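What follows is a set of notes on a single structure, which appears directly below.
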Amino acid sequence: MRVVTTAQPLDVQPTPLALLLLGREADPKSERGVECPGDLPTPSDPDLVERARAAKAKLGDKVFVLGHHYQRDEVIEFADVTGDSFKLARDAAARPDAEYIVFCGVHFMAESADILTGDDQQVILPDLAAGCSMADMATAEQVAECWDVLTEAGIAEQVVPVSYMNSSADIKAFTGKHGGTICTSSNAKRALDWAFEQGEKVLFLPDQHLGRNTAVRDMGLTLDDCVVYNPHKPNGGLTAEELRAAKMILWRGHCSVHGRFSLESVNDVRARIPDVNVLVHPECKHEVVAAADYVGSTEYIIKALEAAPRGSKWAIGTELNLVRRLANRFAAEDKEVVFLDKTVCFCSTMNRIDLPHLVWTLESLAAGKVVNRIEVDKETESFAKLALERMLALP
1 MRVVTTAQPL DVQPTPLALL LLGREADPKS ERGVECPGDL PTPSDPDLVE RARAAKAKLG
61 DKVFVLGHHY QRDEVIEFAD VTGDSFKLAR DAAARPDAEY IVFCGVHFMA ESADILTGDD
121 QQVILPDLAA GCSMADMATA EQVAECWDVL TEAGIAEQVV PVSYMNSSAD IKAFTGKHGG
181 TICTSSNAKR ALDWAFEQGE KVLFLPDQHL GRNTAVRDMG LTLDDCVVYN PHKPNGGLTA
241 EELRAAKMIL WRGHCSVHGR FSLESVNDVR ARIPDVNVLV HPECKHEVVA AADYVGSTEY
301 IIKALEAAPR GSKWAIGTEL NLVRRLANRF AAEDKEVVFL DKTVCFCSTM NRIDLPHLVW
361 TLESLAAGKV VNRIEVDKET ESFAKLALER MLALP
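Under my numbering, residues 1 to 395 are what the sequence shown spells out, in order.
This is the structure:
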């Protein structure tokens, strides 16, 4: 065996991305913050529940805890309200007397809460590493470059941006600055109807599946009306002619959880469970949505199961924490609720908010120390709020 050695040490400098993944740096323009100063209680601490209760009681009305539906049960237990991202941001805005808003969700949700709450309120995210892979798939620089491509193709004046709530404050601000609106999975059709009244084309950010499913399934457009803009390819991988012919310009982004469900998953669950109802989130792929019995937002999924008859069977295509919670909740009503895919899949970034992080946050606040505050700069906030207000004004 020949061994090759070198007399000089290799001068290898880690890239910013490598440092980010190693947890040694933070990118303020990315959903993937990683720094979390301070000591967390150990996960095995048997007193965590009592410590959380004590800290929350000490804070009283000064703190308002929001829990997204995809959070762990151990975290949801301490939430004052639960809901989807936009509902929670509005709930926070409706509590102007709460000095601290603790958002148990992910980064873009806390940003939205900061945008909608008062200047005297402080929004806290228990773990800055709780980001969103979908939101990370569209950066401000990439979207600005895309707009340049649309301008060069001669169509920018015809394009109205519509950004999904699951986007960074920078993207929401871009949307507001360029005359667009925000949407949720519940009101995406209303947002697109409005957008097509303003212009001839829509740039839909950052989830291609929600945009495609809404356009084709709910609005009667065709798959040929849609093109996918890939920010990692020159000109988005599209010709000027393709852009001019398209009605929906879909950003190449997706949800890492909902994107894993497949047509095979649907066919398999139908073969295993006779008379099963397949209910999926519109962030799923188009072929999955087309094969499902019901399609709707997180709130829609919950309400559908609440209204379902006793003894009915349901395969749900959304995040596992919620599916498991629904299965436990409706078991007493003899409703069978299963995860659509055989492979268990939590939202990894949502799961970063755990009980140790929540206890650390509450105890720090109770001691007068504000940790992990999420603040959106005033200019970004102004344009992002404009886009959000356009959504709120939708008929």
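Where a beta carbon is used, it is the ideal one built from N, C-alpha and C, also for glycine.
Everything numeric in this text was worked out from a predicted model, so none of it was measured.
Tell me where the beta strand (DSSP E) around residue i begins and ends.
i    : result
E379 : Here E379 belongs to no beta strand (DSSP E); instead the alpha helix (DSSP H) covers K378 to L392.
A315 : K313 to G317
T82  : V81 to G83
I301 : I301 -> not in any beta strand (DSSP E); alpha helix (DSSP H) instead, spanning T298 to A307.
L279 : N277 to V280
E336 : E336 to F339
V102 : Y100 to C104
L365 : L365 -> not in any beta strand (DSSP E); alpha helix (DSSP H) instead, spanning L355 to A366.
L250 : M248 to W251
Look up residue i in the DSSP assignment and say whether it is helix, strand or coil.
i    : result
G72  : The sequence given here has Arg at residue 72, not Gly. Coil at R72, not helix or strand.
L66  : strand
E375 : coil
L128 : coil
E242 : helix
N187 : coil
F78  : coil
P395 : coil
Q122 : strand
I155 : coil
M109 : helix
M350 : helix
V257 : coil
V370 : coil
I'd like the span of the alpha helix (DSSP H) that includes residue i, first residue to last.
i    : result
F204 : First-last for F204: K201 to L205, but that is the beta strand (DSSP E), not the alpha helix (DSSP H).
T181 : No alpha helix (DSSP H) contains T181, which is instead part of the beta strand (DSSP E) from T181 to C183.
E145 : A140 to E152
L263 : L263 to R272
S163 : First-last for S163: V159 to Y164, but that is the beta strand (DSSP E), not the alpha helix (DSSP H).
V323 : L320 to F330
V227 : Counting along the chain, V227 falls outside any alpha helix (DSSP H), though it belongs to the beta strand (DSSP E) covering C226 to Y229.
M134 : S133 to D136
L59  : L48 to L59
T175 : A169 to K177
R95  : Looking at the DSSP string, R95 is not in any alpha helix (DSSP H), and its letter there is neither H nor E.
E287 : H286 to A291
Measure the Cβ-Cβ separation of residue i and residue j and say whether it is below 8 Å.
i    : j    : result
W360 : K335 : no
V278 : D293 : yes
Y229 : L221 : no
K201 : I155 : yes
L210 : P161 : no
E283 : R310 : no
D73  : G83  : no
R190 : L392 : no
D114 : N166 : no
A52  : R352 : no
F261 : G199 : no
F108 : S168 : yes
L116 : A138 : no
V227 : E319 : no
Hey, residue i and residue j are a contact pair by Cβ (cut 8 Å); roughly how many whole angstroms apart?
i    : j    : result
I374 : A54  : The pair is not a contact, with the Cβ atoms about 25 Å apart (cut-off 8 Å).
M350 : H68  : 7 Å
V370 : H286 : No, V370 and H286 are not in contact; Cβ-Cβ is about 44 Å, not under 8 Å.
V289 : N187 : Wrong, their Cβ atoms sit about 17 Å apart, outside the cutoff.
L358 : V63  : Rounded, the Cβ-Cβ distance is 11 Å, inconsistent with contact.
V266 : A291 : 5 Å
V295 : V276 : Contact flag wrong, Cβ pair sits at about 15 Å.
With respect to 7 Å, is the separation between the Cβ of residue i and the closest non-hydrogen atom of the ligand SAM below this value?
i    : result
F108 : By its list of ligands, the structure shown contains no ligand whatsoever, and the ligand SAM lies outside what it can speak to.
Flag this pair as touching only if the stretch 50-66 and the stretch 96-106 have three or more C-beta atom pairs under 8 Å; answer yes or no. yes
The stretch 378-394 touching the stretch 171-191, judged by at least three CB pairs closer than 8 Å: yes
Determine contact between the stretch 248-261 and the stretch 321-330, defined as no fewer than three beta-carbon pairs at a distance below 8 Å. no
Are the stretch 142-153 and the stretch 124-131 touching by the rule of at least three beta carbon pairs closer than 8 Å? no
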